Structures are given as C-alpha cells and as structure tokens.
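Read through the structure below, which is laid out as structure tokens, and then see the notes.
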Amino acid sequence: MNLRDLLGIQHSIIQAPMAGAQNHQLAAAVCQAGGLGSVPAGMLDAAGLETELSALEALTDRPYNVNFFCHQTPPHDPARIETWHRLLAPYFAEFGVDPAQIPGEATRQPFDATMAEVLERHRPALISFHFGLPTPDLLQRARATGARIASSATTLEEGLWLQEHGVDLVIAQGLEAGGHRGIFLSEDLTTQLGTFALLPQLVAALDVPVVAAGGIADAQGVAAAQALGAAGVQLGTAYLLCPESRTNALHRAALKSTRARHTALTTVFSGRPARGILNRLMRELGPLPDGVPEFPLAGNAIAALRAKTERLVLDHCTPLWAGQNASGCREVPAAELTRELAAGWRS
Numbered sequence: 021m022n023l024r025d026l027l028g029i030q031h032s033i034i035q036a037p038m039a040g041a042q043n044h045q046l047a048a049a050v051c052q053a054g055g056l057g058s059v060p061a062g063m064l065d066a067a068g069l070e071t072e073l074s075a076l077e078a079l080t081d082r083p084y085n086v087n088f089f090c091h092q093t094p095p096h097d098p099a100r101i102e103t104w105h106r107l108l109a110p111y112f113a114e115f116g117v118d119p120a121q122i123p124g125e126a127t128r129q130p131f132d133a134t135m136a137e138v139l140e141r142h143r144p145a146l147i148s149f150h151f152g153l154p155t156p157d158l159l160q161r162a163r164a165t166g167a168r169i170a171s172s173a174t175t176l177e178e179g180l181w182l183q184e185h186g187v188d189l190v191i192a193q194g195l196e197a198g199g200h201r202g203i204f205l206s207e208d209l210t211t212q213l214g215t216f217a218l219l220p221q222l223v224a225a226l227d228v229p230v231v232a233a234g235g236i237a238d239a240q241g242v243a244a245a246q247a248l249g250a251a252g253v254q255l256g257t258a259y260l261l262c263p264e265s266r267t268n269a270l271h272r273a274a275l276k277s278t279r280a281r282h283t284a285l286t287t288v289f290s291g292r293p294a295r296g297i298l299n300r301l302m303r304e305l306g307p308l309p310d311g312v313p314e315f316p317l318a319g320n321a322i323a324a325l326r327a328k329t330e331r332l333v334l335d336h337c338t339p340l341w342a343g344q345n346a347s348g349c350r351e352v353p354a355a356e357l358t359r360e361l362a363a364g365w366r367s
C-alpha cells in the first residue's frame, strides 16, 4: 500500500523525528506541505509531549507522527559510571566539570503509560518506535488510539520480528542514516546493512509497507527508493538546516563544512550506536570505546561537558548527528524541501 493511502497524506515523505534538533515547528511545516511531520518524544516527559502536540495542532490539522524510544532503562551501576568518569577525567579537568555534580539517573525515558495517555487525547495518524516495540499492553494502548504503528528495522530479522508483532509499516533504517541506530535484536554492528541493500530484502520478505531511511538526500534518491519497492521515504539530515529546525549554531556550521563528509557510528554520546560528524571526543576516545555505560546513562556526563564546551563555542563534546549523505542539507524552508523531495516520487 502507498504511504499516502495508509496515512492520508499528499506526499510519501516522512520527516524523520530528531530529538534535540527540532520541535513541533518543523513537523508542522512538513505537514502543511503535504508530507508527514514527526514529533520526537525521546527527550520529553508527558507534560512536554502534551505541550508539543497542542502547539503542533494549533499550526496544522494534517496527519502527523509521534516517535518514541522503547529501550529498557538500565539499573544505576556505580562501578561502570566510575569507569566512564575516569575515561572522561582529562576533559572534566580541562573544562572545569565536577563529576560529583553529574546526575546518575536516566534522562531519557521509554514509552510508558503517561505517554499513552497523551496519545489518547491527541490521536496522531502514526505512532513510531525506535529500538523495537513497547510491551504488549502499551502497544495495545497505542493502537487503540486509531494510529498506525511503525518501527525501525536495521536487518531482515528485525523486519520479520516487527511484522510478527503487528506493525502496520516497517522503516528500513540503512547504515547511512544519521542519529541512533534502531538495532534491537542484536548488538552486533556487523549485521547492519546499507539502505539499498536492506530495502529490497524487506520489501520481498514482508507483507506490510516498507519505508526507506538513510542516505536519501534529494528527489533522485526518493525515486531510487521507490524503484526498489519502498512505499515512502523518511529523511532527517536533509531537514537539519531548515529555518524551522532547532539545530544549534555549532551543528549548523559542521553541516555546512567539509567535515560533514566524515561521519561515524559512535556510542560516546549516549551509550547506543549513533551516526554523527566526527569531532574531538570521537577522535580521541575512539568512536566505540570500551567502558561506556548503557543507554542513556552515558549521556549525563556528556551533557555536563557539552554545557561547558558549547559556552566556549566549541563542538568538542556535542553530538553532531548526520547521515552519510548531507548533500541535500540546505538552508531552505521545510515546505519547499518537502515539495522538492516529493517531485522524485512517481504518482
């Protein structure tokens, strides 16, 4: 089924949810242009999500997506945190961070009952998940809102698992994609495939529609995804320079420079593998160092360092999320970009 028919949208374009780099304004602009705007809830609590969705609905009456993480919150592990702080000690000393002041609790919460209550009031067209799916009772509450359900697959096995668990569409997240990998059945990064290797395998094996995500930056990429059987495409990096995004000045500068040509998967910033532009912390620690606490606990110390370095106008400790193809990332309104991308889709 075409994404337009499934979700009631004009263009088969989904703006990828990008926690920290956007809010309802970007989502609304994409919705108004006929695509599917997305609100990322991974860094929000229920009150924050209520505010965001109310603000979005004040700007558009079009269908939209809400995205959630559904990881398991790890127990506090003092020994592992101590190991992590020792690794970061030279940076704490250089930038004046007191590790005793860094909180130990998780700052990113998975989808839960309080979030389900917000969805029941707002009833989005699509509810999408990252890192698998929530527990069956929570999934049922999400489905009961009338929304379609989606989640990211990074391998054929994950796509089959998601279909078996009742999703309405699968997002084929290729290795090129920026931000966090949706990997959930394994931690083995050698299993990860490029978009145009993963997409046709999922299309051939699944009965539900498949959306292509990762490395698509322009109308030609949209057309290529459609030719391989995609029901639609999801793009994030391409929207990062739009005026409606909340990408900070350091991130924008990196995206507009030749540095954007070199990205890597790293666990440094959160504890889970995610793709971003190489910066000092990734170079000096290595992108996948030993001793990083589980997601999202690694991010607490990084947040403290980031606050100090960004004040000095340095991106040393800032996660500069971006996919491998930033060529379509331009400073144009999101509506204009959405329509340009949609021009690659054959009706």
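Numbering (our numbering), first residue to last: 21 to 367. Note that the Cβ used here is the ideal one computed from N, Cα and C, for glycine as well. Computed from a prediction, not measured in an experiment: that's the story for all the values here.
Is the separation between the beta-carbon of residue i and that of residue j shorter than 7 Å?
{"i": "A36", "j": "A354", "result": "no"}
{"i": "A232", "j": "L219", "result": "yes"}
{"i": "F151", "j": "H91", "result": "yes"}
{"i": "A327", "j": "I122", "result": "no"}
{"i": "Q193", "j": "G199", "result": "no"}
{"i": "N22", "j": "A251", "result": "yes"}
{"i": "R292", "j": "T283", "result": "no"}
{"i": "T358", "j": "I33", "result": "yes"}
{"i": "G57", "j": "Y84", "result": "yes"}
{"i": "L180", "j": "V228", "result": "no"}
{"i": "V288", "j": "L301", "result": "yes"}
{"i": "A239", "j": "A346", "result": "no"}
{"i": "R128", "j": "G62", "result": "yes"}
{"i": "A126", "j": "G343", "result": "no"}
{"i": "I217", "j": "M135", "result": "A quick correction: the sequence has Ala, not Ile, at residue 217. Not closer than 7 Å, so no."}
{"i": "S290", "j": "P316", "result": "yes"}
{"i": "A170", "j": "S206", "result": "no"}
How many Å lie between residue i and residue j at the Cα?
{"i": "Q52", "j": "R82", "result": "7 Å"}
{"i": "A363", "j": "E314", "result": "42 Å"}
{"i": "R303", "j": "V223", "result": "37 Å"}
{"i": "G68", "j": "N320", "result": "20 Å"}
{"i": "D25", "j": "T338", "result": "39 Å"}
{"i": "E351", "j": "D97", "result": "43 Å"}
{"i": "I236", "j": "Q45", "result": "22 Å"}
{"i": "T103", "j": "F131", "result": "29 Å"}
{"i": "G100", "j": "S367", "result": "Residue identity differs from the one stated: residue 100 is Arg in this sequence, not Gly. For R100 and S367, the distance between alpha carbons rounds to 53 Å."}
{"i": "N43", "j": "E184", "result": "32 Å"}
{"i": "E140", "j": "A162", "result": "8 Å"}
{"i": "G256", "j": "M38", "result": "7 Å"}
{"i": "V5", "j": "H31", "result": "A question about residue 5 goes unanswered here, because the residues of the chain that appear run from 21 up to 367."}
{"i": "L187", "j": "P156", "result": "Reading off the sequence shown, one finds Val at residue 187, where the question assumed Leu. Cα to Cα, the separation comes out at about 12 Å."}
{"i": "G348", "j": "Q246", "result": "18 Å"}
{"i": "G306", "j": "V59", "result": "31 Å"}
{"i": "T286", "j": "D310", "result": "11 Å"}
{"i": "L308", "j": "T93", "result": "21 Å"}
{"i": "V230", "j": "Y111", "result": "43 Å"}
{"i": "L248", "j": "L182", "result": "20 Å"}
{"i": "L158", "j": "N87", "result": "14 Å"}
{"i": "A258", "j": "S265", "result": "11 Å"}
{"i": "T80", "j": "T165", "result": "19 Å"}
{"i": "E77", "j": "I191", "result": "25 Å"}
{"i": "A318", "j": "L108", "result": "11 Å"}
{"i": "V312", "j": "G28", "result": "42 Å"}
{"i": "Q160", "j": "L275", "result": "39 Å"}
{"i": "L340", "j": "R168", "result": "31 Å"}
{"i": "S277", "j": "A133", "result": "42 Å"}
{"i": "P119", "j": "L64", "result": "25 Å"}
{"i": "P95", "j": "L226", "result": "36 Å"}
{"i": "E137", "j": "A47", "result": "21 Å"}
{"i": "Q221", "j": "E178", "result": "12 Å"}
{"i": "L260", "j": "G124", "result": "31 Å"}
{"i": "D208", "j": "L153", "result": "19 Å"}
Could you tell me which residues DSSP pairs with residue i in its beta bridges?
{"i": "S172", "result": "I191"}
{"i": "V253", "result": "I33, A232"}
{"i": "H150", "result": "F89"}
{"i": "W341", "result": "G296"}
{"i": "G319", "result": "The partner list for G319 (beta bridge, DSSP) is empty, contrary to what the question assumes."}
{"i": "G199", "result": "R295"}
{"i": "L285", "result": "R295"}
Task: Inter-stretch contact (C-beta, 8 Å, three-pair minimum) for the region 325-339 and the region 111-118 - done: In short, these stretches touch, since the Cβ pair count reaches three.
Open item on the list: So, does the region 72-89 touch the region 135-154, judging by three or more C-beta pairs under 8 Å?
Closed with: yes
Open item on the list: For the region 160-178 against the region 202-217, do three or more pairs of beta-carbon atoms, one drawn from each stretch, fall closer than 8 Å, so that the two count as touching?
Closed with: Remark: three or more beta-carbon pairs, one from each stretch, lie closer than 8 Å, so the region 160-178 and the region 202-217 are flagged as touching.
Task: Start-end ranges of the beta strand (DSSP E) lying completely within the region 32-104, minimum 3 residues - done: 33-35, 57-60, 84-89
Open item on the list: Across the region 206-213 and the region 270-277, are there enough close Cβ pairs to call them in contact, namely three or more that are closer than 8 Å?
Closed with: no
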